[in-house]
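Accompanying notes for the structure given below.
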Amino acid sequence: MPTITNDGRSFLVDGRRVWLVSGRLPYARLPRETWAERIHQAKLAGLNTIETPIFWSRHEPRPGRFDFTGDNDLRHFVDLVGKAGLYCILGVGPFVGSGYDMGGLPPWLSGQTLRTGNGPFLEASSRFFNAVSDQIKGWQITAPGTGGPIILVQCESHWTCGHDTLAAAYLGELTRYIREAGISVPIVNSNNLWQSIEGQIDGWSGDGPMLGTMRQLATINQGQPRIVIDLALSPRDAWGNAPSTPPHPGRVLRRLCEITAGGGQFNLTTFCSGTNFGFSGGKLSTGVGDFAAAAANAGSIIDEAGNATPALQAVRRIATAASRFARVFANLDPTYQPIVADPAGRSGVCSVVHAAGAQGAVAFLFGDDPEATKPQRRTISLLLNDGSELPASVMSNGVAWCLFDVNVSGRSRLDYANISALGHAGRSLVLFGPPGAQAVVSVNGSPLEAEVPDAGPPVVLDHEGLTLVILNEEQADTTFITDDAVFVGVDGVTPEGQALPLAGHKTYLKVSADGSHKTVAHEVHAARAKPAKVTLGPWHTADCEEYVDGTSPRYAVVSGPSDLGSLGCPFGYGWYRVTLGPSSTRKAHVAFPTSGDRLHIFSHAKPAGLVGQGPGAKPDASLALKKGTTFVMLADNLGRASEGLSLGERKGLFGAGLEVRPISGVKPKLVSGQPIDMLQARSPLWEVSQGDTTGAERLTWTLLHRKKGDVVITFDQPPAHAFLLVNDTPVAYLDRGGPRQVVISNDQLGKGNASVQLAFPASEDAGDHLSSLAKTTHFHEVVSSVLEGAEISFAKWEMPGGSAFSPAPARKAASGLPLWHRCSVTLDHPVPALFLELTGLTKGQIYLNGRHVSRYFAATPDGKRLASQQRAFLPGAWLKPNESNELTIFDEHGASPAKVRLVR
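If you use the numbering used here, the sequence shown corresponds to residues -15 to 888, in order.
Below is the structure:
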């Protein structure tokens, strides 16, 4: 049985050092049919490890009912990773975050205290760990025989609370459960040193400059390897917001080189992030109305369709070098940390970072930061141990690395090279540098000089038992290295080791592991097929008239306002029919402050309001109230919190529907108050340490509470961190994700003047918030409870049967009422992917051949286009060539699909 250990340098498998160069492939966000292809793409990118999170809700949709089949076949995914010759890291949770609905926790846990030492939650987590272990424990690297690919598991995600007792009761128990389940490989966390748990390796999460962080980790955790387990170089995209700007390739390369220069291993979590299929996207903590877009691939190196993005080549250069020279990096001495100029954000100056160990040394050369200025090619003189000078050039991307004293093969030792090493296969060593630069390479004490090719062919030289392949940067990006050979001038290599032709090239250079080399002609294949012809058939529609007017026999009376989960609809939508009880006839503003996330309100089968969060929705609706009036509401669950402090929130129509009236003339001022011990008031709180308190000054509103009744407070944009207090008593904690509205009860307000305050952490100046919150905080008094005495019925939201669809009428203005649309799609041969351009649509759902593709949110109800995602990914694996494919769209506002298009 293999063993795995670790020290301050790296992991060791049976005493052999292992260096992890990892990227994330979330199997739940990728069609099963593409798993093998994406894994191979990761291998071609130079990675030797695949990390994947396990979303608990995918595997236990109901308590005790586990599903590891089909798209949930975790074991099959891990097996594919192993067959590709790669290691695997599993994020076992229970909470994994990642922009997923409820952070991957199943919705049936809603209402429980989550991510703490709560007994029922821990018991459910233990059951889940056992189920996962049953699937994969034979695929651990420690499994009997030759072992499997699983080398690490990650426990929890970003647990950054400084409450030590709470951490021990929760994270400590999770560690015990993981071990008792039969998982024996090392456990890593991403707590950023907020909590160090016995039996876990402290990992790092972030995207800022990394060299200093790696050095700090080497000092603080001297017996542990340094690993950036969550390197995400772009924020997640949200509906309504403009897509994030892709990271600059130079920035990506710089971050990876900073980590590696600091002796750290990395896991690039934005390598291939995939798609939030179906209702799986969650609520983000970046803003009160921020919900994860369907395309989860913001900043990804490989996009959701499998296409390379501009940063791929930057990743491949350093990842290939780190993988092919893994024994050099895995043996670097963590105690050797010479003083260097910090490379972060520098321009006009080169920073040289030297690292050394038992298997050689490396010097990273950091030039201009590509985000600060356009990098200039620079040549500097490195002073070697013997006093000799070695001129080295920093490349156009701002970074280079030079190897020293590395045994490449049994008889050949690389003394030094002044250009970057890409990798080696046997006795064939590949180096690359700026075009026209003078390469200086010494092997076995014998120096050699050669010019890096400018526009000519690669330079291939035999020297001291090595075959040196010297390339320019462009050539390096078309070079792939396997254990058997080096392929130059290709578009990739198949899993079987066959070169893939590069556009415009009829030949390629193949250098074998024994050093022999030859120019090889690509095999002649039949002409590439013409692009697939994609045809959209005529549209058919099905209305929701019976639901909208409340006459559907599917409505069943329920006992008062109830959340969607309790009514058997943990995801998506639900129909509510509300018939008012005794009420005077009047026009009133009605708010639903505890409902979520959006309520489409219909009266007399016409739109009457859209209340809730996100573009186009308002905090309340103006409704005509009268005894016996029936309102129908389509409740829309846009996704539960995937992070922050609102996990497990309920969705749908629950709590009260309140008639409200604005309170005017209430302005905040700064008032001193007793500091609050934050973790005593509430735990856990993220990025709060024991002993942290609120500041002495509070933002204070004084309400003259003359009438008995509740008050609704609305925050257009809640602060990042603040306690909400009423008469000196904490009633809620606010962060960027909300809550947006808080109901203050009559009892909490008391009689006379009521003090409503926001108390900020002592590290913040309350005065900095005065102006913005004065404009964006609103108070309403509650006049009456509209739902009191009302009869409430519920019907599930479902796709209508085929017979409900009829040919779409001639184009006309949208009625504002929900509509289903359906058409056939035909294509004459397979395609990797199609994209549905959402022109003319507003918000809704997309289905392909009965499979739920994703949400879409392209426009507000009045047709105003949003800045966010405007086309939806349709997996090619879900399409049937030469057959009729069924495309179904649900548009919440009845917009016409007449202008949509399918594109490659």
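Cβ coordinates follow ideal geometry from the N, Cα and C atoms, glycine included.
{"query": "For G(-8) and A202, believed in contact at Cβ under 8 Å, the rounded distance", "result": "7 Å"}
{"query": "Terminal residues of the alpha helix (DSSP H) in which V65 lies", "result": "L58 to K67"}
{"query": "Top-ranked residue by Cα proximity to E435, from W92, V453, A245 and G429", "result": "V453"}
{"query": "Beta-carbon spacing of G558, K780 below 8 Å", "result": "yes"}
{"query": "In DSSP terms, what K611 is bridged to", "result": "Bridge partners of K611: none, in fact."}
{"query": "Neighbour-count burial assignment, I34, 16 or more Cβ in a 10 Å radius", "result": "buried"}
{"query": "Residues near I647 in its chain [Cβ-Cβ closer than 6 Å; skip 5 each side]", "result": "F763 and E765"}
{"query": "Whether F857 touches T253 by CB criterion (8 Å)", "result": "no"}
{"query": "Inter-stretch contact at 8 Å, needing at least 3 Cβ pairs: the stretch 293 to 307 / the stretch 0 to 9", "result": "yes"}
{"query": "Beta-carbon separation (whole angstroms), L31 vs G69, contact threshold 8 Å", "result": "Contact flag wrong, Cβ pair sits at about 11 Å."}
{"query": "Nearest candidate by alpha-carbon position, reference Q829, set N173, E876 and E772", "result": "E876"}
{"query": "Neighbourhood of P419 by C-beta, 8 Å cutoff - its chain only, sequence neighbours within 5 removed", "result": "V436, P437, D438, A439, N456, E457 and E458"}
{"query": "Buried or exposed (CB count within 10 angstroms, at least 16 for buried), Y154", "result": "buried"}
{"query": "C-beta atoms of L886 and L818 nearer than 8 Å", "result": "yes"}
{"query": "CB contact flag (L654, L754, <8 Å)", "result": "yes"}
{"query": "Segment contact, 8 Å Cβ cut-off, at least three pairs: the stretch 137 to 149 with the stretch 161 to 173", "result": "yes"}
{"query": "Contact check, G623 vs G266, beta carbons under 8 Å", "result": "yes"}
{"query": "Closest by C-alpha distance to D700, when choosing among I243, A601 and V616", "result": "A601"}
{"query": "Cα-Cα separation, H584 to E681", "result": "41 Å"}
{"query": "Beta-carbon proximity of H573 to E671, cut-off 8 Å", "result": "no"}
{"query": "Whole runs of the beta strand (DSSP E) within the stretch 120 to 180, excluding any shorter than 3 residues", "result": "134 to 139 and 171 to 173"}
{"query": "Length-filtered (3 minimum) beta strand (DSSP E) runs lying within the stretch 767 to 807", "result": "775 to 780"}
{"query": "Euclidean distance between Cα positions of S799 and G88", "result": "37 Å"}
{"query": "Simplified DSSP state of E355, which is helix, strand or coil", "result": "coil"}
{"query": "Assigned exposure category for E373 - 16 Cβ within 10 Å defines buried", "result": "exposed"}
{"query": "Nearest residue (CA-CA) to P359, options L349, L367 and L366", "result": "L349"}
{"query": "Residues of its chain near S396, where Cβ-Cβ distance is below 7 Å and the 5 sequence neighbours each way are ignored", "result": "R411, V427, N428, E448, G449 and L450"}
{"query": "R362 versus A376, F61, N369 and S838, residue with shortest Cα-Cα distance", "result": "A376"}
{"query": "P209 versus G248 - alpha carbon distance", "result": "7 Å"}
{"query": "Beta carbon of G773 nearer than 8 Å to that of P566", "result": "yes"}
{"query": "Option in P865, G549 and Q854 with minimal Cα separation from N833", "result": "P865"}
{"query": "For I23, the three-state DSSP class (helix, strand or coil)", "result": "helix"}
{"query": "Cα-Cα separation, A948 to L801", "result": "With the chain covering -15 to 888 only, the question about residue 948 has no answer from this structure."}
{"query": "Nearest neighbour of L9, chosen from A401, T(-11), F39 and D(-2) [CA to CA]", "result": "F39"}
{"query": "Option nearest S768 by Cα separation, candidates V695, G596 and P442", "result": "V695"}
{"query": "Whole runs of the beta strand (DSSP E) within the stretch 339 to 408, excluding any shorter than 3 residues", "result": "344 to 350, 362 to 367, 373 to 378, 383 to 393 and 396 to 401"}
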